[in-house]
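Chains as they are written, first to last, in our numbering: chain A, 14 to 337; chain B, 33 to 342. Quick reminder that beta carbons are idealized off the backbone N, C-alpha and C, glycines included.
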Amino acid sequence: MSDTTEFLAGLALFAGMPSDEIADLAGAMEERRLETGELLWRQGEEADGLHILRAGEVRVSARLPGGGEMELVRLGAGEVMGEIPLLDGGTRTASARTTEPSSLLFLARDGFNALLARVNPAAATLKRRIVVVACQRLRRRHAELAQSTEPGPQDSRADPQPASAGALAPTQALPLAYLQRIPFFVGMPTALVADLVGIGSTFEVATRRTLVGEGTVADAFYLTLNGAVEEVIHRPDGRRVRVGLAGPGRAFGYLGLIDGLPIVVASASRERVRLLGVPAAQFERLFHGDDPRAHAFLDALQRDLVTTLRQAERPQARLAASVT
Amino acid sequence: MCRVLGYLGRPISLEGVLFETDSSLARQTYSPRMMQSFLNLAGFGLAAWEPGSERPQEPLVYRVTTLPSFDPNLRSLARKLAPTCLIAHVRGVSWSPHEVVGNQNVHPFRFPGSRVTLAHNGHLRDFNRMRYELVSDVKPELIEHIGGTTDSEWIYALLMSQLEEPFGDPGLDEVAAAIRATLSRLRDVRARLGIATSSPVNLVVATGRRLVATRFSFDYGWYPDDDPILEVDLPYVSLWFAMGSAYVERDGEWYMVGDGDGGTPSSFLVASEPLTADTSGWLEAPEYSMLAVEMDSDDRIRVETVDLDV
Chain A
14 MSDTTEFLAG LALFAGMPSD EIADLAGAME ERRLETGELL WRQGEEADGL
64 HILRAGEVRV SARLPGGGEM ELVRLGAGEV MGEIPLLDGG TRTASARTTE
114 PSSLLFLARD GFNALLARVN PAAATLKRRI VVVACQRLRR RHAELAQSTE
164 PGPQDSRADP QPASAGALAP TQALPLAYLQ RIPFFVGMPT ALVADLVGIG
214 STFEVATRRT LVGEGTVADA FYLTLNGAVE EVIHRPDGRR VRVGLAGPGR
264 AFGYLGLIDG LPIVVASASR ERVRLLGVPA AQFERLFHGD DPRAHAFLDA
314 LQRDLVTTLR QAERPQARLA ASVT
Chain B
33 MCRVLGYLGR PISLEGVLFE TDSSLARQTY SPRMMQSFLN LAGFGLAAWE
83 PGSERPQEPL VYRVTTLPSF DPNLRSLARK LAPTCLIAHV RGVSWSPHEV
133 VGNQNVHPFR FPGSRVTLAH NGHLRDFNRM RYELVSDVKP ELIEHIGGTT
183 DSEWIYALLM SQLEEPFGDP GLDEVAAAIR ATLSRLRDVR ARLGIATSSP
233 VNLVVATGRR LVATRFSFDY GWYPDDDPIL EVDLPYVSLW FAMGSAYVER
283 DGEWYMVGDG DGGTPSSFLV ASEPLTADTS GWLEAPEYSM LAVEMDSDDR
333 IRVETVDLDV
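As structure tokens, this is what we get:
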């Protein structure tokens with residue numbers, strides 16, 4: 014086992030992976046050495062991949078309105094930076110600069126995508142691991158929002174009613190031409206879209222109905238086909254905080270299927286909705302599967318999760334500005 | 033589909049927000065960052081209140097079909113004005129032989145003599161079926177002022193008809209209530225006509241010392257069969273805001289700086305999308321929400337965000 018492979022095997026992100034798979038990923042990485050005070054990336058730049066610190070220290074800071082800067086975190090040896098950008102690019106939300114001589118490993122998105130295109134099992138495993146990391150970040154963000162004392166919008170609406178058997182009207186699946194234009198299925202071959210839709214069931218629900226309750230165990234993956242589903246956290250002070258709106262092509266209620274934890278975000282129909290529901294067992298097979306259908310599903314799920322995470326993290330700009 | 037901008041607070045550089053930021057309103061006519069494949073080339077308009085001007089309670093209104101980037105008169109005007117209240121709008125329409133591009137259809141709308149102005153980012157589907165259903169809801173003395181063909185001007189007329197004194201100085205609560213009543217009436221008409229497809233209604237309404245903005249849609253997520261602009265319609269139309277002491281330029285970049293006086297803001301900026309590529313310092317308005325903003329006698333800003341359940 015090479016030095017780099019041995020180092021990676023000791024990190025949580027790669028824990029338990031076969032050494033030959035870790036070696037494949039190590040082979041796609043580039044080693045970089047930086048002096049004290051060198052810039053890794055600037056806030057606002059295109060995010061181009063994942064960085065792993067082998068030695069040294071990196072200071073991550075965000076620019077504040079008016080020109081000030083706030084330190085967010087300092088990272089040391091063994092820390093991983095940029096897991097989400099490895100999957101989905103985007104722009105850097107903060108700047109990173111070394112505070113001492115450092116060495117790091119860099120896995121570029123292009124190199125990682127090349128491994129995925131060759132259906133490299135290591136790349137697929139790493140992708141699943143990063144999906145779990147994204148879940149953890151989203152859970153932490155939900156916990157912050159639940160505890161936040163920032164006044165949210167006044168919401169004097171009555172609680173939604175439970176979705177009853179009478180409100181779940183089975184409906185025919187929609188034309189594939191429409192499905193292929195909504196976010197979850199964009200770019201997916203027609204046959205795969207039809208296959209995935211065929212695994213689940215399609216139904217309609219009236220407006221203002223609870224679809225997934227807080228504190229329950231996730232038992233299905235839901236995808237909005239028409240309408241909109243509101244994802245809400247109930248704060249201790251009684252206020253509701255909307256953490257997301259799942260419009261057409263956006264999924265909801267599935268975090269617990271990935272990490273096994275109870276649901277903390279309730280989902281209710283804001284408009285009348287048409288949904289695709291995929292039972293937990295089928296979701297498991299898709300998430301851990303190794304065939305084209307499973308890979309296509311994992312790609313779409315990862316995009317949806319990253320979109321959800323980015324939306325949930327957006328208000329942080331204000332929290333950062335108010336700390337100085 | 034349009035882009036809109038609203039402001040209330042201490043004097044702001046009109047040139048800055050229209051032309052100078054890296055995602056200024058003028059730039060959004062041809063390069064919006066938060067719209068799918070849409071250009072906003074069907075006209076530019078603004079209503080601006082400047083305290084030192086003649087009749088300061090009335091806005092300067094400027095509405096043209098000229099693209100702002102190629103309008104030297106607008107540039108000259110923008111260099112001179114520092115308004116304390118502003119609505120500005122660039123109009124976007126999808127191609128159709130029935131669309132009318134003309135000054136009468138440029139936002140913001142303001143009936144002569146009124147302090148209340150309105151701009152709209154969105155569209156009411158099947159509006160041609162709704163138009164004459166709304167006649168009975170618009171006060172007779174107002175309907176004669178409708179000069180264009182847009183759904184937006186009818187929304188304005190409907191809103192004005194909810195006000196006790198359309199040509200007076202309505203309070204913030206009255207404007208907010210009028211907006212709710214307007215949306216409620218539109219929903220009733222849609223229900224009666226069986227119109228149930230997505231229709232965004234992001235409004236900015238200003239009166240000089242008050243501003244109300246909505247981020248709202250009827251039947252979001254439902255589209256007509258074979259919608260040719262589905263990719264444009266799929267995202268919930270965006271609305272962002274920033275508030276603080278002042279919106280200024282420093283070292284070539286524009287920021288909303290400071291937390292205001294003792295934590296109370298004195299500048300409030302709302303727009304379809306942030307005016308800079310760097311969106312830190314901006315907050316996204318929640319979907320289905322209304323932002324109600326008022327400037328008090330000490331020129332401090334009070335902002336309230338409420339869920340809009342109509």
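Collapsing the DSSP output to three states places residue 156 of chain B in coil. Counting only runs that start and end inside the segment 193 to 255 of chain A, the beta strand (DSSP E) elements of at least 3 residues fall at 214 to 218, 222 to 225, 233 to 239 and 242 to 247. From the beta-carbon of residue 240 of chain A, the residues of chain B found nearer than 9 Å are 251, 252, 253 and 254. Within the DSSP secondary-structure output, residue 234 of chain B pairs in a beta bridge with B:153. For residue 57 of chain A, the chain B residues whose Cβ falls inside 9 Å of its Cβ are 309, 310 and 312, in order along the chain.
Residue pairing by DSSP leaves residue 266 of chain B without any beta bridge partner. Close partners of residue 262 of chain A in chain B (Cβ separation under 8 Å): 266. When the alpha-carbon of residue 40 of chain B is set against those of B:320, B:244 and B:264, the nearest one is in B:244.
For residue 54 of chain A, the pairing in a beta bridge is given by DSSP as A:109. At least one CB atom of chain A sits nearer than 7 Å to the CB of residue 319 of chain B.
The beta carbon of residue 297 of chain A is closer than 7 Å to none in its chain, skipping five residues each way along the sequence.
Along the segment 100 to 113 of chain A, there is no position whose C-beta sits under 7 Å from a C-beta of chain B. For residue 124 of chain A, the uninterrupted alpha helix (DSSP H) run begins and ends at 122 to 130, by DSSP. Interface annotation, residue 170 of chain A: in contact with chain B, CB-CB separation under 7 Å.
DSSP places residue 70 of chain B in the coil class of the three-state scheme, outside both helix and strand.
Every beta strand (DSSP E) of 3 residues or more that sits fully in the segment 268 to 324 of chain A is shown, in chain order, as 279 to 282 and 286 to 292. Residue environment: residue 140 of chain A is assigned as buried (16 or more neighbouring CB atoms within 10 Å of its CB, all protein chains considered). Proximity to residue 75 of chain B across B:130, B:118 and B:140 peaks at B:140, based on C-alpha coordinates.
Fully contained in the segment 234 to 322 of chain B are the following beta strand (DSSP E) runs of length 3 or more, in chain order: 242 to 247, 272 to 276, 278 to 282, 285 to 289 and 299 to 303. Around the beta carbon of residue 157 of chain B, 16 or more other beta carbons lie within 10 angstroms, which makes this residue buried.
Under the 10 Å beta carbon count, residue 210 of chain B is surrounded by 16 or more other beta carbons and is classified as buried.
Short of 7 Å from the beta carbon of residue 248 of chain A, and not among the five residues preceding or following it, lie these beta carbons of its own chain, in chain order: 159 and 254. For residue 19 of chain A, the enclosing alpha helix (DSSP H) stretches over residues 16 to 22. In chain order, 194 make up the part of chain A whose C-beta sits under 7 Å from the C-beta of residue 262 of chain B.
Taking residue 60 of chain A as the centre and dropping the five residues before and after it, the same chain places the C-beta of 95, 98, 102, 103, 104 and 105 closer than 7 Å to its C-beta, in chain order.
Scanning B:303, B:89, B:99 and B:342 for the CA closest to the CA of residue 199 of chain B turns up B:89.
From the beta-carbon of residue 75 of chain A, the residues of chain B found nearer than 9 Å are 312.
A distance of 7 Å or more separates the beta carbons of residue 323 of chain B and residue 311 of chain B.
Looking at B:295, B:96, B:65 and B:112, the one whose alpha-carbon comes closest to that of residue 82 of chain B is B:112.
Shown here, residue 143 of chain A sits in a helix according to DSSP, grouped into three states.
Counting of Cβ neighbours within 10 angstroms places residue 149 of chain A among the exposed residues, the total staying below 16. Within the DSSP secondary-structure output, residue 45 of chain A pairs in a beta bridge with A:117.
Taking the Cα of residue 147 of chain A as reference, the smallest distance to any Cα among A:318, A:134 and A:21 is reached at A:318. In this structure, A:136 is the residue among A:113, A:136 and A:114 with its C-alpha nearest to the C-alpha of residue 122 of chain A. When the alpha-carbon of residue 313 of chain A is set against those of A:203, A:198 and A:44, the nearest one is in A:198.
Counting of Cβ neighbours within 10 angstroms places residue 120 of chain B among the buried residues, the total reaching 16 or more.
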